[in-house]
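Chains as they are written, first to last, in my numbering: chain A, 71 to 444; chain B, 71 to 444. Each residue gets a CB set at the ideal place from its N, CA and C atoms; glycine is no exception. Values in this document were obtained by computation on a predicted structure and should not be read as measured data. Take a look at the structure below.
Number of protein chains: 2
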Amino acid sequence: MTTRPPAEIGMALEEVDTPALLIDLDAFERNLQHLANAVTGSSVRLRPHAKTHKCAVIGRRQMALGAVGVCCQKVGEAEAMVYGGVSNVLVSNEVVGVTKLKRLAALARQAQIYVCADDAGNVRDLNETALAYNVELPVLVEIDVGAHRCGVEPGEAVLALAQQIDQAPGLRFAGLQAYQGRAQHLRSFEERRQAIGQAVEQVQHTANLLSQHGLECELVSGAGSGTYAFEAGSGVYNELQAGSYIFMDVDYGKNLTADGTPWREFEHSLFVYATVMSRPNPDWAVVDAGLKALSVDSGLPMMADLPQSEYVGASDEHGKVLLHDPNSPVRLGDKLRLIPGHCDPTVNLYDWYVGLRNHRVEALWPIVARGAGR
Amino acid sequence: MTTRPPAEIGMALEEVDTPALLIDLDAFERNLQHLANAVTGSSVRLRPHAKTHKCAVIGRRQMALGAVGVCCQKVGEAEAMVYGGVSNVLVSNEVVGVTKLKRLAALARQAQIYVCADDAGNVRDLNETALAYNVELPVLVEIDVGAHRCGVEPGEAVLALAQQIDQAPGLRFAGLQAYQGRAQHLRSFEERRQAIGQAVEQVQHTANLLSQHGLECELVSGAGSGTYAFEAGSGVYNELQAGSYIFMDVDYGKNLTADGTPWREFEHSLFVYATVMSRPNPDWAVVDAGLKALSVDSGLPMMADLPQSEYVGASDEHGKVLLHDPNSPVRLGDKLRLIPGHCDPTVNLYDWYVGLRNHRVEALWPIVARGAGR
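Right, dumping it as structure tokens:
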């Protein structure tokens, strides 16, 4: 159920109740501007992934800086974005089942909606629903460029599906969804470069094949925060779906640049704010942020304000922090900022962002697509 | 934000939209009855942990079967339980910070509320707030019986804190919080027995010391689903805080009994319902339940309806399932039940339970403390 906000506008940081999800607005805005600048003057457009933030306020900000629209992973996310004023959404995923197809088609009457497909039966269902709702749905074929999750094989399989879409009266063939998710967190620059190099080759080959059969790709959409520069420079991709760049998390912070140094192109701007709720021992503190306040699927959080300390274990509502300092000044009641291991599923645990500038609460943004998994 | 329910009363299981959180009501009720029966006629009472279910409907059912009240981990959970008709709550945790202390004291004017402490300064704050709200707060001292998280050391440290509580005009010393969380998932029966044996010894020693100083423990509260029988038979504990027994998860399913067989005292009654949303390859299917539909902190889910298959990887909104069967009948659009790896943080991702009996939706229970982390 929707929770009360943990803060009020104008509060000092220290007054914010915990656990709370903080945005450092200055760092966040620098991240947004940096990626916007990176594509300025090129033919590549941004379509940032809203699964990271689930917040229409942020989606509209991204569009104000030049993004052509956003991506969503679920119809429910797309509904939340459209209802919040985002006018252009690519559901970068397959939509399966009558209930969801109806919602997708109905939403396409209210905004520009793209969707992906990787199955002939699903294309038939998409077409029937589009006709029933009197919309023309633009459909991208999802192509497996190495993630080995959804998507058809490059080449002939894509052509067959694209032709089916092209011939369906309720649909329009709109291009390729070609996201190489596995490449995003390959630690070395060279590994990421190679993985995207292979993806680009497969996309290029497939786009050429489509073109030979009279099918042009309006969109070739893909890329994440970890690899966007490769897709941007590929000459093949024309949309970038990076999402995490707005926040950065511990996991992305482990990527390396070409010269082997930590990748610091974007700043950590998202924090879980936590209180020291037990200080039973000189060696450790316990904070009130555990598994229900941050997602540990990609590793544990880092302590932003106590870099020498170490968050070593999460239980449902507790985090144990080894202080590695017998004279640590950490006291019961202290509030500390944690950098989440993985931002996307962490955001999904909260109803509100608390936006801060100069240690004051400046924004309380509702996470309107929290829990919108359907 | 609160999501719409994924079902309507009377629907067939197959009509429920996905991802959804299902309860098999028959199995769930057998689990509730089994633990209620296990303590009938003894002096040990149940106080099941509501952090598992976060649902006042379930809390009231547990009390109707004899539970003396419930445990909560956060003040926000306790508020949700009290507002939903649960009249007796132990906050089995420390409550730190002015905002939360006020809410705790205000709630104690509306229901029977117990709280824990492990710090002298916090006891002073509890006392001041209780006096300000004109309530007498019963306080348990949390004792570290091997979990090495919160809690003071057994013996003299407990005595000092208990005496401070006893002398505080706004507080009443109410006993010991002695939960050995680390013992719950020790796989062998003997390991669990030994861990709880040590905890019991420490609790007994401490309770004797308190008694020698005129302080009796109204409550000695602890135990989880994995060890409850040991605490119940200890002669020292008089309340059991088991929570997960109502649902069972994959993690608890890995515990072993005394003769080395899998522990099957309780049944899996909680499922994440998912749709096959991509079937790109004979070897695997992709379901629409990933990191935002189930928590993977204690391991991946199991496929309840396809025991030979294997959920091998979760991304934000996808789960990859290896079928291990080249002739698998799994088709696009099929809906499958997954058994969560860890029930508590999985429940926290949903707003609604969909209760089923004989494959029909019989209940839609709101998860009123979803997200109530403060």
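Please identify the residue among the options whose C-alpha is closest to the C-alpha of residue i.
i, options, result
"Gly216(A)", "Asp188(A), Gly225(A), Glu198(A), Gln250(A)", "Gln250(A)"
"Leu434(B)", "Cys125(B), Pro396(B), Lys390(B), Ala277(B)", "Cys125(B)"
"Ser365(B)", "Met347(B), Pro352(B), Thr345(B), Glu387(B)", "Glu387(B)"
"Trp354(A)", "Leu402(A), Gln132(A), Glu309(A), Leu310(A)", "Leu402(A)"
"Leu160(A)", "Glu301(A), Met151(A), Ala384(A)", "Met151(A)"
"Gln254(B)", "Leu135(B), Tyr322(B), Leu229(B), Arg430(B)", "Tyr322(B)"
"Val168(B)", "Glu147(B), Tyr153(B), Gly191(B)", "Gly191(B)"
"Asn308(A)", "His394(A), Trp333(A), Gln274(A), Tyr315(A)", "Gln274(A)"
"Gly305(B)", "Met318(B), Ala269(B), Thr331(B), Gly313(B)", "Ala269(B)"
"Ser398(A)", "Ser162(A), Cys220(A), Pro352(A), Glu380(A)", "Pro352(A)"
"Val320(A)", "Gly267(A), Val400(A), Arg334(A), Gln311(A)", "Arg334(A)"
"Gly443(A)", "Glu149(A), Glu85(A), Phe243(A)", "Glu149(A)"
"Val417(A)", "Ala302(A), Ser113(A), Phe317(A)", "Phe317(A)"
"Ser291(B)", "Leu285(B), Gln282(B), Glu301(B), Glu271(B)", "Glu301(B)"
List, in order along the chain, the chain A residues whose C-beta lies closer than 7 Å to that of residue i?
i, result
"Asn428(B)", "Under the 7 Å cutoff, chain A gives no residues; its nearest Cβ is about 22 Å from Asn428(B)."
"Asp214(B)", "Pro350"
"Asn192(B)", "Leu402"
By Cβ distance, which residues of its chain are closer than 6 Å to residue i, with the 5 residues on each side in sequence left out?
i, result
"Ser157(B)", "Ala181"
"Asp421(B)", "Thr72, Thr73, Ile437, Arg440"
"Arg173(A)", "Val145"
"Leu105(B)", "Tyr315"
Can you pull the chain A neighbours of residue i, defined as C-beta to C-beta under 9 Å?
i, result
"Pro396(B)", "Here the premise fails: no neighbours, minimum Cβ distance about 17 Å."
"Leu171(B)", "Ordered by position in chain A, no residue passes the 9 Å Cβ test against Leu171(B), which lies about 11 Å from the chain."
"Arg444(B)", "Thr73, Arg74, Pro76, Asp87, Thr88, Pro89, Ala90, Asp358"
"Gly441(B)", "Met71, Thr72, Thr73, Lys362, Leu419, Tyr420, Asp421, Arg440, Gly441"
Residues in the same chain with beta-carbon distance under 8 Å from residue i, minus the five sequence neighbours each way, listed in chain order, please.
i, result
"Ala374(A)", "His338, Phe341, Leu406, Arg407, Leu408, Ile409"
"Ser260(B)", "Correcting the residue type first, residue 260(B) is Glu in the shown sequence and not Ser. So the qualifying residues of the chain are Ala328."
"Val356(B)", "Val346, Met347, Ser348, Arg349, Pro350, His388, Gly389, Lys390, Val391"
"Gly139(A)", "Arg117, Met133, Val156, Ser157, Asn158, Val159, Leu160, Gln182"
"Val228(B)", "Val211, Ile213, Val222, Leu246, Thr276, Leu279, Leu280"
"Leu241(B)", "Val193, Leu196, Asn197, Ala200, Glu206, Leu207, Pro208, Val209, Ile235"
Report all residues from its chain with a CB closer than 7 Å to the CB of residue i; omit the five preceding and five following residues, and keep chain order.
i, result
"Arg257(A)", "Lys324, Asn325, Leu326"
"Lys362(B)", "Asp386, Glu387, Leu419"
"Glu447(A)", "As displayed, chain A neither begins before 71 nor continues past 444, which places residue 447(A) out of reach and without an answer."
"Gly303(A)", "none"
"Pro415(B)", "Ser365, Asp367"
"Arg427(B)", "Leu95, Asp96"
DSSP three-state call for residue i: helix, strand or coil?
i, result
"Ala344(A)", "strand"
"Lys405(B)", "strand"
"Ile266(A)", "helix"
"Glu164(B)", "strand"
"Ala181(A)", "coil"
"Gly129(B)", "helix"
"Gly191(A)", "helix"
"Ala244(A)", "strand"
"Val417(B)", "helix"
"Tyr298(A)", "helix"
"Asn197(A)", "helix"
"Met151(B)", "helix"
"Tyr315(B)", "helix"
"Leu392(A)", "strand"
"Arg440(B)", "coil"
For a contact defined as C-beta to C-beta under 8 Å, what are the partners of residue i on chain A?
i, result
"Ala248(B)", "Here the premise fails: no neighbours, minimum Cβ distance about 14 Å."
"Leu241(B)", "Simply none; closest approach about 17 Å."
"Cys220(B)", "Met347, Ser348, Pro350, Val356, His388"
"Asp414(B)", "Leu361, Lys362, Asp386"
What I want to know is whether the C-beta of residue i ends up closer than 7 Å to one or more non-hydrogen atoms of the ligand PLP.
i, result
"Ala176(B)", "The ligand PLP is absent from the structure shown, which contains no ligands of any kind."
Can you pull the chain B neighbours of residue i, defined as C-beta to C-beta under 8 Å?
i, result
"Ala384(A)", "Asp367"
"Gln143(A)", "Asp386, Glu387"
"Gly267(A)", "Going along chain B, no residue has its Cβ under 8 Å from Gly267(A), so there is no contact; the nearest lies around 22 Å."
List, in chain order, every chain B residue whose beta-carbon is nearer than 7 Å to that of residue i.
i, result
"Met347(A)", "Glu164, Val166"
"Asp188(A)", "Ser348, Pro350"
"Pro224(A)", "Here the premise fails: no neighbours, minimum Cβ distance about 12 Å."
"Gly251(A)", "Ser385"
Can you pull the chain B residues whose beta carbon is under 9 Å from the beta carbon of residue i, in chain order?
i, result
"Asn418(A)", "Leu361, Lys362, Asp386, Leu419"
"Lys121(A)", "Lys362, Asp386, Glu387"
Touching by the beta-carbon criterion (3+ pairs, under 8 Å), the stretch 241–249 of chain A and the stretch 203–210 of chain A | Result yes; three or more Cβ-Cβ pairs closer than 8 Å.
Determine contact between the stretch 102–119 of chain A and the stretch 72–91 of chain A, defined as no fewer than three beta-carbon pairs at a distance below 8 Å.
-> For the pair of segments examined, the stretch 102–119 of chain A was found not to touch the stretch 72–91 of chain A: the number of CB pairs separated by less than 8 Å stays below three.
Taking one C-beta from the stretch 365–384 of chain A and one from the stretch 411–426 of chain A each time, how about it: are there three or more such pairs within less than 8 Å?
-> Using a Cβ-Cβ distance cut-off of 8 Å, the stretch 365–384 of chain A and the stretch 411–426 of chain A are in contact, since at least three pairs of beta carbons, one from each stretch, lie closer than that value.
Report yes or no: do three or more beta-carbon pairs, one from the stretch 168–184 of chain A and one from the stretch 217–225 of chain A, lie closer than 8 Å?
-> Too few Cβ pairs lie closer than 8 Å, so no.
Segment contact, 8 Å Cβ cut-off, at least three pairs: the stretch 180–200 of chain A with the stretch 229–246 of chain A = Counting C-beta pairs closer than 8 Å gives three or more between the stretch 180–200 of chain A and the stretch 229–246 of chain A, which meets the contact rule.
Between the stretch 274–282 of chain A and the stretch 194–203 of chain A, are three or more C-beta pairs nearer than 8 Å?
-> Contact between the stretch 274–282 of chain A and the stretch 194–203 of chain A is absent, with fewer than three C-beta pairs closer than 8 Å.
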